[in-house]
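First comes the structure, then the notes that go with it.
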Amino acid sequence: MRNSPLWKYCDAHFGARIRKRAHGESGAAMIMALLFTVMVILTLTIVTSVLVGQAIPFKTNKRTQQATYAAETGLELGLSFLRSAQQQAKADDNYQAFFPTINSQSDATMSNGRTDDPKEAQFVTAGGNTIVLDCVTQSHSDGTADLQSVMGTDTPRCPSMNSATASTTAPGTSDVNDYSAARVTYRVEITYWKSDPSVSDSTGNPAAEKVSGLTDFSNARYALVTAKAYGTRYANANKGNSQLPLITLQGIYQFGVTQKSSSTIPPSSGVGGSSDGAFTFNDNEQGSSQHAWIKVTSQTLANDNKDVATVTGVWTEHIGEHMEPGSTAYIDDPANETCMVAADSSGNTYAGYTPVEGSKVRIFKRAWSNNSKGNGSTMTYTYTPQCQANGGYPNAWVYTEADTIRLAGTNLCVTGLAPNVSGNYIQSARATLQTCGTSYTPNHYDSGGHSTGTKVDLVNGKPGYDTAAELNDANSALNKIQKWSFYFGFINAGWSNSTDGSTKFATGNVTNGSFFSVLYPANANLENHHGGCGADVDPEHDLGESCYLTAGKWERTPGATGWIDKDNERTFLQSLGHGGEAGYETSQVVSTTGACMQARPTGSTRWNVSNVITKQCYVNAEPITSWCYQQILRGGSVDTSKTYHNAFCGTRADNEYTKYDTITYDRPTKSDGTIDYDQTSYVTRLSWTGGCLKTDGTGAGSILKSESTACSAMGADGVEFVRTEYVGKDSNFNYKFVLKSSLSGGYDASKFDSSANVAATNSAYSGALCLQEMNTNSGWVMGTNGTDREANQYAEMFPYVTLQTCSATTTDRFGRSLTTPQQWNAPAASQGTNTHIGSGSTSTTTSETSLQSASAGFMKVREYNLDALCTDSAPASGTAAKGYSCWTV
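Oh and the sequence shown: position 619 is 617 in the working numbering, straight run, nothing missing.
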């Protein structure tokens, strides 16, 4: 084949070319090499990016983790300090431990809380009563920290986490990315507050008030702990030579509250209070001719003899039996009275419970008996533990000057139903406790105990405060449905003129078509508006039943369902032994039992005597001024086209009745015509709508009566009184009306000055006579004719006001020391019929920061992002302004 001519021809012409191409290197190997190189480069790129992507978060996470550990350590140190201070304060029986100082340290070092020995870091009291554990120097004007102190190159700081000594390495490029434990530290700040510091008003400012110092610490209810973690972050530092916190944590610690006997210094709104004021009269309403009483023959006490355990006595009814004048043996039938107790969200009540937002309010009968009632019957009553003042149940309340119903010692208020929810016009619901809104009221007391509010003049359109600001403040108690007037029951201070929210709450005219909401006790039947809950409040016989404080649905005529009696004299509902805003500003005189003086001319409806009596105050509570709209509230038909000119309500009234608890007195004024609030005492006279009030004698037992003559036309005897504001601890003359002529040696204003010697004044005026409410604790004063009561003599069914020797305390029938019911127009928080205090004490019981109990840990914790300073003042702009959202700022 190879020798054939064809082969030879092809080999000669093409063989060489084919053999060359088959064994040559014309570029294939190069292509393969390039492809391999590209694959290697791509693989290295992917691996590198993955490694870098993992390294950066690792570094960030490490920084964040170490910063979080540091901030959490600071938070725990703050908690540990508070617990230690609580124990030390308990041992010392004072609050000094909450404001620590460091011995042998200069003012310069103490000002920022730094310690000289990093192994002995301590909390100290810095400016503004802030407690500081200062591990950094926060010296810049914008609140940032000094980088040198974070790195530890200046005065030694606190030891860092997991490090026994401070770092001494100078900051620089070699260690700016060092996030080890030795490069992260913290600063801890503690401030004390009178209410929850996390709550802000409508402007973003804290609604809570800061405790001013050691002397104010009894009002502390919360501690705010702020822990900031610092560490280096950027080469050449951040913001020059300053440092912002990496992480900021804040925790809120809640103190316990204890009832403690103390002076009658006017407590702030919501502090103090009593557990003895009735919410309802269950069956036989007060003021009725069938109202029942018990003449006590024996009793037993509980809780260190501070509470009644059982009572035995004779059951008496007004219309059938005669009560003995001047006897202190009578009490209201306790089975007809109820108390309010804070419960958890499921309605459970127990001693030691600390109420929170959302807590419900239960109603309990004050006592019960298995005996049959009847005139002359002997009854034995067992008192309900939930209603006892010293049994540990949260049952003390204050109907405050701001017309809120506040659980004493807390910032929790009874809250009703919102009027802009359509379902709230269909069904009532359980009332709840919520954080109290901002207070607006004409009634105020300064730190010296003087009433410093603004006089109300509704006739001339002067409500005594800025009602427009209240209505526009979303956080006001009014807009949070926490403000309540009292006209024979608690009525919400606002109203609604629409069911779909098309009309703003509490605006527009009050008309027959307006909707209102009220408070009342009810069980499963939420629409039962009065009479308590019947047997359902009896824990002895109906343990399976529950009675709750109920917020009534929004409706047009809440009074028509029976909780306001048609004769305008009787009521099923009570005002918890407090008078709300009632006082000098509202032209009312309210006693420590929460009842107001009332005066009428003889011969007025069901009023056969001219004796001044005490009766539940009519509390108008702007904007509703409920007494002025009584006909609408009671379901009466009102001709709204008619304009009335009532002497008290002005043109806004729907009635022409006389407001019999309108009683006024003049206060001294300055040269510019404004009231001189600094005067602790002054001479004055008491006027009512028909004339002047005068005692029918000048000796002890003389009764205060209404006269039809103007005060200016009467002589001084029985008419001139020395009105005193708060005089001092243990004084017999706090908030009194002292008959001027009874002051031995004459009236000397200097003796009533707050700087005067209280004991010397008590001694000098030991025979002075004061106006006193003669309730069943202080000696019931009956009619003068000595006959059985008449059903229409309603004046004799309420306490009279008489002259009695001025005193700070009295002893009740059970041997307990009580505030003598001689104080008038005192702060609402000091009101209460039977405020239980220890034997020998000279004042009412008030709530103070407890040395015994507090929350186990932080009730709230919040974390802030990078750069949050949480300073006490808001930076105007820049990076530091990021901290403005922190609590209390």
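C-beta: ideal position from N, C-alpha, C; glycine also.
The beta strand (DSSP E) runs lying completely inside the segment 714 to 744 and spanning 3 residues or more are 719 to 722, 735 to 737, given in chain order. By the CB criterion at 8 Å, L476 and V610 fall outside the cutoff.
Beta bridge pairing from DSSP links Y518 with T548. Counted as a single uninterrupted DSSP element, the beta strand (DSSP E) harbouring A340 occupies residues 336 to 341. Short of 7 Å from the beta carbon of S704, and not among the five residues preceding or following it, lie these beta carbons of its own chain, in chain order: A597, R598, P599, S608, V610, W686, G688, G689, L691.
Within the model, the alpha-carbon separation for P353 versus G125 is close to 33 Å.
For G511, same chain residues with a beta-carbon under 8 Å away, outside a window of 5 residues either side, are N495, R554 in chain order.
In the three-state reduction of the DSSP assignment, Q84 falls in the helix class, which pools H, G and I.
Between the alpha carbons of T433 and L631 lies a gap of roughly 28 Å. According to DSSP, L456 shares a beta bridge with no other residue. L476 sits in coil when the DSSP states are folded into three classes, being neither helix nor strand. Spatial neighbours of L244 in its own chain (CB-CB distance under 6 Å, excluding positions within 5 residues in sequence) are listed in chain order as A65, A227, G229. With a threshold of 16 other beta carbon atoms within 10 Å, Q94 falls short and is exposed.
In this structure, Y733 and A824 form a Cβ contact; the two beta carbons are roughly 4 Å apart against a cut-off of 8 Å. Judged by beta-carbon spacing, A300 lies beyond the 8 Å limit of K481, meaning their Cβ atoms are not closer than that value. Rounded to whole angstroms, the Cβ separation of V454 and G462 is 4 Å, and the two are in contact under 8 Å. With respect to the 8 Å criterion, T817 and T807 are classified as neighbours on the basis of their beta carbons.
Membership of T759 in the alpha helix (DSSP H) is indicated by the continuous run 756 to 762.
About 7 Å separates the beta carbons of F484 and C615, which is inside the 8 Å limit, making them a contact pair. At the C-beta level, Y184 and A83 stay beyond 8 Å of one another. Between A698 and T803, the gap from beta carbon to beta carbon is short of 8 Å. For M772, the closest of K304, V130, T326 by C-alpha to C-alpha distance is T326. Looking at the DSSP output, A227 sits in a beta bridge with Y184, I245. CA-to-CA, the gap between E70 and A221 works out to about 17 Å. Residue range 628 to 631 is occupied by the alpha helix (DSSP H) that includes I630, with no beta strand (DSSP E) assigned at that position. In the displayed model, F362 falls within a strand according to three-state DSSP. With fewer than three CB-CB distances shorter than 8 Å, the segment 464 to 473 does not count as touching the segment 578 to 589. One thing to note: L431 has its Cβ no nearer than 8 Å to the Cβ of F486. The residues V122, T123, in chain order, have a CB closer than 7 Å to that of T99 in the same chain once the five nearest residues on each side in sequence are set aside. Apart from the 5 residues on each side of it in sequence, V396 sits with its Cβ closer than 7 Å to the Cβ of G268, G270, G271, R404, A406, H576, A826, A827 in its chain, given in chain order. If you compare the alpha carbons of Q297, A218, P556, C709 with that of A365, the shortest gap goes to Q297.
Under the three-state reduction of DSSP output, M595 falls in the strand class. Bounds of any alpha helix (DSSP H) do not take in N523, whose DSSP letter is neither H nor E.
Listed in chain order, the non-local C-beta contacts of F97 below 6 Å within the same chain comprise T123, L212, local neighbours out to five positions each way being set aside. Within 10 angstroms of the beta-carbon of Y348 lie fewer than 16 other beta-carbons, which makes it exposed. Comparing alpha carbon positions, the residue from D302, V339, A400, Y379 closest to W291 is Y379.
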